Amino acid sequence: MNKRHFSPDDGLTLDEAMEELVSAEDFLDFFGVSYAEDVVHINRLHIMQRYHDYLGQTGDLDGHADAARQAVYSQLLRRAYEDFVVSDAQTEKVFKVFRMQEPQVTFVSIDQLSS
């Protein structure tokens, strides 16, 4: 994707323009978030999941103007990206697999096996 930012002058709504975004880099470029390629390369799924989580915490923004929503989306994406600049995926525990506890040992008696 070409590095471009959202502009209402493009003749598209924010939602229409966002339909063209397919990669983490597309989102970062579109919302004007400067990034280091190595950070995104390693953490792209984690960044986008954290962004999704942050969006879910904001509540319904559908009634707001595109410019206001774009500012919020940009801020949340920047925050999600920065989480992985200063930390790592294992520490941030975005995905369930990182939040799982150590395997539990369960005792099964011989009596229970024969039942």
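Start counting the sequence shown at 1; every next residue gets the next number (the UniProt record's numbering).
All C-beta atoms, glycine included, are put in the ideal place defined by N, C-alpha and C.
Being a predicted model, the structure only gives us computed values, none of them experimental.
Non-local C-beta neighbours of Val85 in its own chain, meaning closer than 7 Å and more than five positions away in sequence, comprise Val39, ordered along the chain. A distance below 7 Å separates the beta carbons of Arg50 and Asp83. Annotation: Arg44 to Ala24 spans about 6 Å, alpha carbon to alpha carbon.
Under the three-state reduction of DSSP, Asp38 is assigned to helix. In the structure shown, Glu19 adopts coil according to DSSP, grouped into three states. The DSSP-derived three-state label of Ser87 is coil. Residues Arg69 and Val72 of the same chain have their beta carbon placed closer than 7 Å to that of Leu61, with the five preceding and five following residues left out of the count. Taking the Cα of Leu28 as reference, the smallest distance to any Cα among Met48, Gly59 and Phe107 is reached at Met48.
Taking Tyr54 as the centre and dropping the five residues before and after it, the same chain places the C-beta of Leu76, Arg79 and Ala80 closer than 7 Å to its C-beta, in chain order.
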